[in-house]
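J.: I'd like to ask you about the structure that follows.
2 protein chains.
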Amino acid sequence: MVDSAKNSATEEKKTDFEYKHPLDHLFYARNVTIVGASPNPNFGAGFFLSAFRHSSYSNPVYLINPKYVGKLKDIRGYPIFASISDIPGELDYVICGIKAKLVPDLIRDCVAKKVKYVCIFTSGFSELLTAESKAAEQELVNIIKGSQTRLIGPNCLGALCTKSGITYDPVYSRCEGNVAFASQSGGIANNLCEIQQMHSLYYSKGISFGNQIDLNCLDLLEYYAQDPDTKIIGMYLESTGSADGNAFFSLMRKVTRKKPVVIWKGGQTEFGARAAASHTGAIAGSLKIWKNAVIQAGGTFVTKSHEFWDVLHLFSRLIPKERLPKGKNVGFIVAGGGASVELTDTFSTSGFQIPELQPEIQDKLNEIYPSVNTSVKNPVDTGAMGMFIDNIIKSIKWMDTDPNLDIIAFFMPLNWLSQLERHGAVGYTTSVARSLWRMNKKLTKTFFIICPIFQMSEFNAKISLQFKEVLWKKFIPHFENIIGAATALNHAIRYSEYLQTQT
Amino acid sequence: MVDSAKNSATEEKKTDFEYKHPLDHLFYARNVTIVGASPNPNFGAGFFLSAFRHSSYSNPVYLINPKYVGKLKDIRGYPIFASISDIPGELDYVICGIKAKLVPDLIRDCVAKKVKYVCIFTSGFSELLTAESKAAEQELVNIIKGSQTRLIGPNCLGALCTKSGITYDPVYSRCEGNVAFASQSGGIANNLCEIQQMHSLYYSKGISFGNQIDLNCLDLLEYYAQDPDTKIIGMYLESTGSADGNAFFSLMRKVTRKKPVVIWKGGQTEFGARAAASHTGAIAGSLKIWKNAVIQAGGTFVTKSHEFWDVLHLFSRLIPKERLPKGKNVGFIVAGGGASVELTDTFSTSGFQIPELQPEIQDKLNEIYPSVNTSVKNPVDTGAMGMFIDNIIKSIKWMDTDPNLDIIAFFMPLNWLSQLERHGAVGYTTSVARSLWRMNKKLTKTFFIICPIFQMSEFNAKISLQFKEVLWKKFIPHFENIIGAATALNHAIRYSEYLQTQT
Chain A
19 MVDSAKNSAT EEKKTDFEYK HPLDHLFYAR NVTIVGASPN PNFGAGFFLS AFRHSSYSNP
79 VYLINPKYVG KLKDIRGYPI FASISDIPGE LDYVICGIKA KLVPDLIRDC VAKKVKYVCI
139 FTSGFSELLT AESKAAEQEL VNIIKGSQTR LIGPNCLGAL CTKSGITYDP VYSRCEGNVA
199 FASQSGGIAN NLCEIQQMHS LYYSKGISFG NQIDLNCLDL LEYYAQDPDT KIIGMYLEST
259 GSADGNAFFS LMRKVTRKKP VVIWKGGQTE FGARAAASHT GAIAGSLKIW KNAVIQAGGT
319 FVTKSHEFWD VLHLFSRLIP KERLPKGKNV GFIVAGGGAS VELTDTFSTS GFQIPELQPE
379 IQDKLNEIYP SVNTSVKNPV DTGAMGMFID NIIKSIKWMD TDPNLDIIAF FMPLNWLSQL
439 ERHGAVGYTT SVARSLWRMN KKLTKTFFII CPIFQMSEFN AKISLQFKEV LWKKFIPHFE
499 NIIGAATALN HAIRYSEYLQ TQT
Chain B
19 MVDSAKNSAT EEKKTDFEYK HPLDHLFYAR NVTIVGASPN PNFGAGFFLS AFRHSSYSNP
79 VYLINPKYVG KLKDIRGYPI FASISDIPGE LDYVICGIKA KLVPDLIRDC VAKKVKYVCI
139 FTSGFSELLT AESKAAEQEL VNIIKGSQTR LIGPNCLGAL CTKSGITYDP VYSRCEGNVA
199 FASQSGGIAN NLCEIQQMHS LYYSKGISFG NQIDLNCLDL LEYYAQDPDT KIIGMYLEST
259 GSADGNAFFS LMRKVTRKKP VVIWKGGQTE FGARAAASHT GAIAGSLKIW KNAVIQAGGT
319 FVTKSHEFWD VLHLFSRLIP KERLPKGKNV GFIVAGGGAS VELTDTFSTS GFQIPELQPE
379 IQDKLNEIYP SVNTSVKNPV DTGAMGMFID NIIKSIKWMD TDPNLDIIAF FMPLNWLSQL
439 ERHGAVGYTT SVARSLWRMN KKLTKTFFII CPIFQMSEFN AKISLQFKEV LWKKFIPHFE
499 NIIGAATALN HAIRYSEYLQ TQT
């Protein structure tokens, strides 16, 4: 962490980690070198310095900037060197934040030093779409040919690992999860870090890998497939870059038998493809071909950021508990007729069935709910009696015994919790979440919560994060809105059906 | 307000309001009577008492509950009577929160007293789907036949008027807007109040009108059409209730020439129709027939809560300024390649064009943005230079001169503002919003902002509300997510095209 930075940068620490795969030297690098670092913490390579200062990374971090050698002893406690060759010992991970025209010489130095991985943060290569910039990119590929050095990018942020502390993001919370991501876009890789608390999406590893001229989606898929900490793989791709497309989809077919692979394809349209070309130099390829290839390989194909977040979150909460939905029959419990109708309309339009509950379960529910302003058919509209969480839990347990249901969903706007907390029921949010957890442990069906925030305030933001934190830890999927939930559930059902055809 | 409640309840105040339409006596009622009120503030009629205590309503509020007459002098300052006939003078608006079996006698008393409007909050009528409950509902209709009394509901919350203070919602902010809503669902009517700050959606008037056995969607459409404070009309309907369907759509055709009418039809599917029947006793009718009828009448047809909120918000910001989009050509400005690609993909999939900017505008943009990690084609990807709002404003002004564009959109995650405020730029949020406002005043094209919150925190919630408040006041539409923006824009374009065919 921040205080240990000075020490860690000067002495190499022993690690218990056993290096099995070449890419372990990236994600569990024994040292990091930041090229182009300056005392400015906000721009260019300084951004990476800030990120490592706030991370749990405890191995040495070296800086390269000839401008400061002899003038400053260190920058924020990290030692400064004039060039790669001046740093003693083997180098695992070099991050390059210097101008494009200086990059080839740096890569030559890295090759000479047998550096394992170089992340080229620098932009200004094939995404400029000029002959000159494409040639400059090709030159980098030529330099590393036959060497031990591999390139990440250019035009990217590099790797992230919650266990080792390797990072590109100063605000990343370091909470370990089971999702690994790979994104050609740095902005989308950043968003994945920023949204993690709000959408309860936490990672084992991640990478922003830009124009993928060397390290590509095939390498990353192969690495994540064997990574014991990764149970779900998510990729934002604009192209397959330097990877062979057939090899990529052929590997995906093997991986999806063990881990869900979610692909978000950027550049889906004519206009989008033009934007993708200016972004990562990608030749986008037909959306239909991509979609078919992903689906035939048992992957999950998405087209939007919220869809990507929602389905990764859903898998991350269902997979370790083996609670993938067995079918499309949903039972809802909700306080309110309007929400009941919207839930039913939306899920029904999305291809779900909302069967009437068995008469004996309706009879039991009638014991709790008065006949007026409620309904016990399905959706179960609890009316005001839904304010009491014990009623909800009892009802869901009964619904869990209905053989016609595969999935049970509870719709609860978070304002309900915050209103009660405000009126003196301090700690009620956590207690509700824990009660739901104890119930969920015993359920046989897939269970999730739709918990929108209708009224935003500082207090409601706090309550919302408290509630989601418990749900996440206790493997209860939650969604912000109805259509997002229906879309993610559909993906999970498709994956569950695919797995059945593969056994 | 709260302190004036005691005074206002005992003496009738003069009002400057000129009563022109019968329904003015509901929305600008000279007095309100709550039947069934008790000292419990949270349930049943007590809920209405709380609502009026927190509203700006300054005319008399009377309570009826024979149980407390002679025992309590008043409840929270409001005088208690044993029956309708005991209250002196003419009564405009009676809210009935007593049991279903007691309702017929109350309505008889109201008819005898020539009460103008009775809101039957009480549930337990046709939505129970029993022959008995349907007969009980029919009895209410029979009681008022030929009388001066009109019924709202049953199974509803009644009216809301920001000018008069008539209300059903204790937390309603009372900020006046130009949107009038009518909802068969009380829950949806409540949500419309709760979301108003977060989604910048403010109202002139609103009503929850449940099973609509008497006062119906036709009456409300006719009233809102002539209401000078209402520029946009939004309705959540599960059926046309007691209204004649043909008359409703025929009136809609007239109204939409002057004001947008947005219809959200609940009970769109077989399962949804069953839920709607249990909710408001609605016979839902075919979705296709409804959709066609609405669209042929120049209305806007939506199917989800967020779509309803987004399009009402968009109309409310564009209509008074006559800034409806003239076509489907969009120019984007955004910091980040991934977001550029997602914006382009989503809008392109939704039928929009994203034309390359004119060469001379690209040349001007090149003066600001370095060639690396940016793009000036469209989307304009500003890279890190987008952190400076002056650059954004200059760029948008140039984009406004491009004859190939109809719409300009700025994508800015709110984390950007909150990070800068956190790092010492206090007040920066408001200053950015004001700069955008000054710019927007001079633009010739439709302009809007997509400003998601990726990272939720108490601080970010505060910053977000500050930013949205200025945008709302300054007539700049804003959206939380890309697909929501594209959907709402499409509705606005369709309406704009419809208006052109009508002139």
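One line per chain: the protein sequences are A and B, in this order.
To get my numbering, take the position in the first sequence, counting from 1, and add 18.
To get my numbering, take the position in the second sequence, counting from 1, and add 18.
Glycine included, C-beta positions come from ideal geometry on N, C-alpha and C.
A quick note: this is a predicted structure, and the numbers were derived from the prediction, not measured.
In terms of alpha-carbon separation, which member of A:Gln376, A:Ile82, A:Phe406 lies closest to Pro397 of chain A?
T.: By one-based count along the first sequence, residue 397 of chain A stands at place 379. Comparing alpha carbon positions, the residue from A:Gln376, A:Ile82, A:Phe406 closest to Pro397 of chain A is A:Gln376.
J.: How about Cys174 of chain B and Gly195 of chain B: are their beta carbons less than 8 Å apart?
T.: Position 156 of the second sequence, counted from the start, is the residue given in the question as residue 174 of chain B. Position 177 of the second sequence, counted from the start, is the residue given in the question as residue 195 of chain B. Contact flag unset, no.
J.: Does chain B have any CB closer than 8 Å to the CB of Leu146 of chain A?
T.: Here the question's residue 146 of chain A lines up with position 128 in the first sequence. Output row for Leu146 of chain A: interface = yes.
J.: Note down, one range per segment and in chain order, each alpha helix (DSSP H) of at least 4 residues found wholly within the segment 460 to 507 of chain A.
T.: 476 to 491
J.: Can you tell which of B:Tyr186, B:Pro470, B:Ser144, B:Asn422 has the C-alpha that lies nearest to the C-alpha of Ser345 of chain B?
T.: If you number the second sequence from 1, residue 345 of chain B lands on position 327. Inspection of the sequence shows that residue 345 of chain B is occupied by Gly rather than by Ser. Among B:Tyr186, B:Pro470, B:Ser144, B:Asn422, the Cα nearest to that of Gly345 of chain B belongs to B:Asn422.
J.: At a Cβ threshold of 8 Å, is Asn347 of chain A touching chain B?
T.: Indexing the first sequence from 1 puts residue 347 of chain A at position 329. Not closer than 8 Å to any Cβ of chain B, the Cβ of Asn347 of chain A fails to qualify, so no.
J.: Our contact map puts Ile170 of chain B next to Gln473 of chain A with C-beta atoms below 8 Å; I'd like the distance itself, whole angstroms only.
T.: Within the second sequence, numbered from 1, the residue matching residue 170 of chain B stands at position 152. Within the first sequence, numbered from 1, the residue matching residue 473 of chain A stands at position 455. Ile170 of chain B to Gln473 of chain A, Cβ: 26 Å. No contact.
J.: Work out the CA separation of Val450 of chain B and Asn433 of chain B for me, nearest whole Å.
T.: In the second sequence, residue 433 of chain B corresponds to position 415, counting from 1. In the second sequence, residue 450 of chain B corresponds to position 432, counting from 1. Rounded to whole angstroms, Asn433 of chain B to Val450 of chain B spans 13 Å at the Cα level.
J.: Quick check: is the beta carbon of Ser389 of chain A nearer than 8 Å to any beta carbon in chain B?
T.: If you number the first sequence from 1, residue 389 of chain A lands on position 371. For Ser389 of chain A, the answer is yes, since a Cβ of chain B falls inside 8 Å of its Cβ.
J.: Hey, quick one: how far does the beta strand (DSSP E) through Glu525 of chain A stretch, first residue to last?
T.: Residue numbering for chain A in the displayed model covers 19 to 521; residue 525 of chain A lies beyond these limits and cannot be assessed.
J.: Could you list the residues in the segment 271 to 299 of chain B with a C-beta less than 8 Å from some C-beta on chain A, going in chain order?
T.: Gly284, Gly285, Gln286, Thr287, Glu288, Phe289, Gly290, Arg292, Ala293, Ala294, Ser296, His297, Thr298
J.: How far does the alpha helix (DSSP H) with Cys235 of chain B in it extend, from its first residue to its last?
T.: In the second sequence, counting from the first residue as 1, residue 235 of chain B sits at position 217. Its alpha helix (DSSP H) spans residues 235 to 244.
J.: Might you give, ordered along the chain, the residues of its own chain that have their beta carbon closer than 6 Å to the beta carbon of Trp226 of chain B, omitting 5 neighbours on each side?
T.: In the second sequence, the residue the question calls residue 226 of chain B occupies position 208. Just to set this straight, residue 226 of chain B is Ser in the shown sequence, not Trp. Taken in chain order, the residues that qualify are Cys174, Leu175, Ser201, Gly204, Ala207.
J.: Within the 8 Å Cβ cut-off, does Tyr254 of chain B reach chain A?
T.: Against the second sequence, residue 254 of chain B aligns to sequence position 236. It does; some Cβ of chain A falls within 8 Å.
J.: Between the alpha carbons of Gly401 of chain A and Gly354 of chain A, how many angstroms are there, rounded?
T.: Translated into the one-based positions of the first sequence, residue 401 of chain A becomes position 383. Translated into the one-based positions of the first sequence, residue 354 of chain A becomes position 336. Spanning the two alpha carbons is a distance of roughly 6 Å.
J.: Tell me the rounded alpha-carbon separation between Pro59 of chain B and Val53 of chain B.
T.: As a first step, residue 59 of chain B must be located in the second sequence, where it is residue number 41. As a first step, residue 53 of chain B must be located in the second sequence, where it is residue number 35. Taking the straight line from one Cα to the other gives about 14 Å.
J.: I'd like the ranges of any alpha helix (DSSP H) spanning at least 4 consecutive residues and lying wholly in the segment 163 to 244 of chain B.
T.: 204 to 212, 235 to 244
J.: Does the distance from the CB of Asn49 of chain B to the CB of Glu155 of chain B come in under 8 Å?
T.: On the second sequence, position 31 is the one that residue 49 of chain B refers to. On the second sequence, position 137 is the one that residue 155 of chain B refers to. No, the pair does not count as a contact, with Cβ atoms beyond the cut-off.
J.: Could you say which of B:Arg168, B:Gly142, B:Ala153, B:Asp42 lies nearest to Val129 of chain B if we only look at CA atoms?
T.: Counting from 1 along the second sequence, the entry for residue 129 of chain B is found at position 111. Taking only the C-alpha atoms, the option nearest Val129 of chain B is B:Arg168.
J.: Quick check: the segment 360 to 367 of chain A against the segment 285 to 304 of chain B, are there 3 or more CB pairs under 8 Å?
T.: yes
J.: Residues of chain B with a CB under 7 Å from the CB of Leu483 of chain A: which are they?
T.: Start at 1 with the first residue of the first sequence, and residue 483 of chain A comes out as number 465. Under the 7 Å cutoff, chain B gives Met474.
J.: Taking the alpha carbon of Ser56 of chain A as the reference point, which residue from A:Gly88, A:Pro40, A:Asn77, A:Arg94 has its own alpha carbon closest?
T.: If you number the first sequence from 1, residue 56 of chain A lands on position 38. Out of A:Gly88, A:Pro40, A:Asn77, A:Arg94, A:Arg94 has the C-alpha closest to the C-alpha of Ser56 of chain A.
J.: Check the Cβ of Val357 of chain A against every Cβ in chain B and list those closer than 7 Å, keeping chain order.
T.: Mapped onto the first sequence, residue 357 of chain A falls at position 339. The displayed chain sequence assigns Ala, not Val, to residue 357 of chain A. Within 7 Å Cβ-Cβ: Gly205.
J.: Pull out every residue of the segment 416 to 432 of chain A whose Cβ sits closer than 7 Å to any Cβ of chain B, in chain order.
T.: Listed by position, the residues of the segment 416 to 432 of chain A near chain B (Cβ gap below 7 Å) amount to none.
J.: Measuring straight from C-alpha to C-alpha, what distance separates Phe350 of chain A and Arg452 of chain A?
T.: Position 332 of the first sequence, counted from the start, is the residue given in the question as residue 350 of chain A. Position 434 of the first sequence, counted from the start, is the residue given in the question as residue 452 of chain A. One C-alpha to the other measures close to 20 Å.
J.: Measure the beta-carbon distance from Gly142 of chain A to Val390 of chain B and round it to whole angstroms, keeping in mind my assumption that it falls under 8 Å.
T.: Stepping through the first sequence from its first residue, residue 142 of chain A is reached at position 124. Stepping through the second sequence from its first residue, residue 390 of chain B is reached at position 372. Rounded to the nearest angstrom, the Cβ distance from Gly142 of chain A to Val390 of chain B is 4 Å, consistent with a contact under 8 Å.
J.: Please state the DSSP three-state secondary structure of Asn458 of chain B.
T.: Within the second sequence, numbered from 1, the residue matching residue 458 of chain B stands at position 440. In the structure shown, Asn458 of chain B sits in a helix (DSSP, three-state: H, G or I).
J.: Pull up the DSSP beta-bridge partners for Ile251 of chain A, would you.
T.: Residue numbering aside, residue 251 of chain A sits at position 233 when the first sequence is read from its first letter. Answer is A:Ala198, A:Val279, bridged to Ile251 of chain A.
J.: Here's the rule I'm using: 16 or more other beta-carbon atoms within 10 Å means buried, otherwise exposed. How should Glu150 of chain B be labelled?
T.: Counted from its first residue, the second sequence places residue 150 of chain B at position 132. By the neighbour-count rule (16 or more Cβ atoms within 10 Å), Glu150 of chain B is not buried but exposed.
J.: To the nearest angstrom, report how far apart Pro40 of chain B and His72 of chain B are at their CA atoms.
T.: Within the second sequence, the letter at position 22 stands for residue 40 of chain B. Within the second sequence, the letter at position 54 stands for residue 72 of chain B. Straight across, the Cα-Cα distance linking Pro40 of chain B with His72 of chain B is about 26 Å.
J.: Using a Cβ-Cβ cut-off of 8 Å, state whether Gln156 of chain A counts as contacting chain B.
T.: Position 138 of the first sequence, counted from the start, is the residue given in the question as residue 156 of chain A. For Gln156 of chain A, the closest Cβ of chain B is not nearer than 8 Å.
J.: Quick check on the DSSP output: the beta strand (DSSP E) that includes Pro97 of chain B runs from which residue to which?
T.: Your numbering for residue 97 of chain B matches position 79 in the second sequence. Run containing Pro97 of chain B: 96 to 99, per the beta strand (DSSP E) assignment.
J.: So, is the C-beta of His331 of chain A closer than 8 Å to a C-beta in chain B?
T.: Counting from 1 along the first sequence, the entry for residue 331 of chain A is found at position 313. Not closer than 8 Å to any Cβ of chain B, the Cβ of His331 of chain A fails to qualify, so no.
J.: Could you please give the first and the last residue of the uninterrupted alpha helix (DSSP H) stretch that includes Ile372 of chain A?
T.: What you label residue 372 of chain A is simply residue 354 of the first sequence in a count that begins at 1. Here Ile372 of chain A belongs to no alpha helix (DSSP H), and DSSP marks it neither H nor E.
J.: Under a three-way DSSP split, which group does Asn409 of chain A fall into?
T.: Here residue 409 of chain A refers to the residue found at position 391 of the first sequence. Here Asn409 of chain A sits in helix by DSSP.
J.: Using alpha carbons as the reference points, say which of A:Arg341, A:Phe370, A:Asp127 lies closest to Lys460 of chain A.
T.: On the first sequence, position 442 is the one that residue 460 of chain A refers to. Checking every option, the nearest Cα to that of Lys460 of chain A belongs to A:Arg341.
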